[in-house]
């Protein structure tokens, strides 16, 4: 199962620090994952729209394909410093 | 007697950290003091030309008049930092 | 000491300075970001920082490498603190040494701007009248100019 | 601690940072000038700094006041060391805090440039093949742009 890490506002809106995708999504694009999370957790749609996705700790394109071997994270607009 | 403080290259060229002007120069302009020092210590002429004069720890003009109540110093080009 | 680190305890500046001190450095510029009490008339009580820690350290290192390739001879160390921070606490500290002074200022400035663009760290403001994760607000455009570099993209 | 000082011993950075730390500061930029070994292919063995101490402290204070009037809310501390300095020793340290970061960088940079213009401190380089008071050389124009302000002159 693909595991998606959540942070900051997304983590609070979902109430968990990660989401497990259904088994049948064993391979998916970032775009598909985003769509699925938005459908399951409609409260995250606004932030999702503004978020980047990181795959294995690198910022990734929407069309990148990931599997359950990858580390996926959604990165809401950062505010460090 | 007017006392003139010397620093850095000027101090080394004169071999002293100050110069006492003759009593008859009880009152003089910065320009006159510069002239007198240059005459007495010709080895300082080059640096004197490039130096500023400070009177009571403020940078002073050449035409400023000083007395033995003032603290006079010649400031070769600075190189702190 | 790790020269690029996310930490939970008070940031000490001296180890950062020591880390970048070098016989061929003539200049060290440090930037320290502290928690300010008043922002646009609003009073901050405390802050809470969260990070995607492993990636954040990786991005700090990337920023350091960007600087070292841009400014020959530069040495860089960056530490960001997470967790609960009080007013005046140090949230981030950057130290850059270079042979000459101009580059140390430029590089240190570059580092803090880049941190605000690409490092996955989030700040939750706790005001007298509420709290919010900064960056989520509608008034802030997400990743305006300094969009994070995508994998495989030229920097 | 004096916030504008000429000292003979090792400069500690932490007290400077503490001095400018403030509830309304969000940024602290420090600049540290260290003794560099190689300059234009010439190897420095050590440096010797001399100052017109009382006036130098007065000029450091003037620089701080220039910054505080230019950048509202800025706090400034500057310490310069004199005497015998070895490679990597800290010769000068500047700390500036401001509410926002851009001003802290600008003000800290301003301070070091002003020090090199108006503060009566002199550096004697001791190279492998000789020594010289810097600033006396013919190749350096005396007081090019940043001529010290004369008494009564507008700044």
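Chains as they are written, first to last, in our numbering: chain A, 32 to 112; chain B, 32 to 112; chain C, 1486 to 1640; chain D, 1486 to 1640.
A virtual CB, placed ideally from N, CA and C, is assigned to each residue, including glycine.
Remember, predicted model here, so these are calculated numbers, not experimental data.
List the residues of chain C that residue i touches, going by C-beta distances under 7 Å, in chain order.
i, result
"residue 88 of chain A", "1539, 1540, 1543"
Cβ closer than 9 Å: which chain D residues qualify as neighbours of residue i?
i, result
"residue 104 of chain B", "1537, 1540, 1605"
"residue 1512 of chain C", "1516, 1517, 1518, 1519, 1521, 1597"
Mind listing the chain A neighbours of residue i? Cutoff is C-beta to C-beta under 9 Å, in chain order.
i, result
"residue 1569 of chain C", "Going along chain A, no residue has its Cβ under 9 Å from residue 1569 of chain C, so there is no contact; the nearest lies around 15 Å."
If the criterion is Cβ atoms closer than 8 Å, does the pair residue i and residue j meet it?
i, j, result
"residue 1566 of chain C", "residue 1534 of chain C", "yes"
"residue 1516 of chain D", "residue 1579 of chain D", "yes"
"residue 103 of chain A", "residue 96 of chain A", "no"
"residue 79 of chain B", "residue 65 of chain B", "yes"
"residue 101 of chain A", "residue 89 of chain A", "no"
"residue 1564 of chain C", "residue 1496 of chain C", "yes"
"residue 54 of chain A", "residue 32 of chain A", "yes"
"residue 1489 of chain C", "residue 1546 of chain C", "yes"
"residue 1498 of chain D", "residue 1502 of chain C", "yes"
"residue 111 of chain A", "residue 1601 of chain C", "yes"
"residue 36 of chain B", "residue 75 of chain B", "no"
"residue 1605 of chain D", "residue 50 of chain B", "no"
"residue 57 of chain A", "residue 94 of chain A", "no"
"residue 1491 of chain C", "residue 1541 of chain C", "yes"
"residue 1530 of chain C", "residue 1613 of chain C", "yes"
"residue 1594 of chain C", "residue 1548 of chain C", "no"
"residue 1577 of chain D", "residue 1526 of chain D", "no"
"residue 1615 of chain C", "residue 1493 of chain C", "no"
Kindly list, in the order they appear in chain B, the residues whose Cβ is closer than 7 Å to that of residue i.
i, result
"residue 1518 of chain D", "112"
"residue 1608 of chain D", "110, 111"
On the DSSP bridge list, what partners appear for residue i?
i, result
"residue 1523 of chain C", "C/1528"
"residue 1609 of chain D", "D/1533, D/1618"
"residue 89 of chain A", "A/86"
"residue 1571 of chain D", "D/1531"
"residue 1580 of chain C", "C/1515, C/1562"
"residue 51 of chain B", "B/34"
"residue 106 of chain A", "A/83"
"residue 60 of chain B", "B/96"
"residue 1489 of chain C", "C/1563"
Quick one: which chain C residues come within Cβ less than 8 Å of residue i?
i, result
"residue 69 of chain A", "Result: empty, since nearest Cβ-Cβ is about 16 Å, beyond 8 Å."
"residue 1502 of chain D", "1498, 1517"
"residue 1509 of chain D", "1521, 1522, 1523"
Can you list the residues of chain C that residue i reaches, using a CB-CB cut of under 9 Å?
i, result
"residue 1499 of chain D", "1497, 1498, 1499"
"residue 1594 of chain D", "1514, 1586, 1587, 1590"
Starting from the beta carbon of residue i, find every residue of chain B whose beta carbon is closer than 8 Å, and list them in chain order.
i, result
"residue 1642 of chain D", "Because residue 1642 of chain D is not part of the residues shown, which for chain D are 1486 to 1640, the question remains open."
Which residues in chain D have a C-beta closer than 8 Å to the C-beta of residue i? List them in chain order.
i, result
"residue 36 of chain B", "1537"
Requested in this report: Compile a chain-ordered list of the residues in the segment 1557-1586 of chain D whose CB is closer than 8 Å to at least one CB of chain B.
Outcome: For the segment 1557-1586 of chain D, which is checked against every Cβ of chain B, the residues closer than 8 Å are 1565, 1576, 1577.
Query raised in the report: So does the segment 1520-1531 of chain D actually touch the segment 1566-1577 of chain D, counting three or more Cβ pairs closer than 8 Å?
Result: Output reads yes: the segment 1566-1577 of chain D touches the segment 1520-1531 of chain D.
Requested in this report: Indicate whether the contact test is met: 3 or more Cβ pairs, each with one atom in the segment 61-77 of chain A and one in the segment 1608-1617 of chain C, closer than 8 Å.
Outcome: Too few Cβ pairs lie closer than 8 Å, so no.
Report task. Take every Cβ of the segment 1548-1566 of chain C, pair it with every Cβ of the segment 1505-1520 of chain C, and state whether three or more of those distances are shorter than 8 Å. Result -> In short, these stretches touch, since the Cβ pair count reaches three.
Query raised in the report: What residues from the segment 57-83 of chain A come within 9 Å of chain C, judged by C-beta to C-beta, listed N to C?
Result: Going along the segment 57-83 of chain A in chain order, one finds 77, 78, 80, 81, 82, 83 with a Cβ nearer than 9 Å to chain C.
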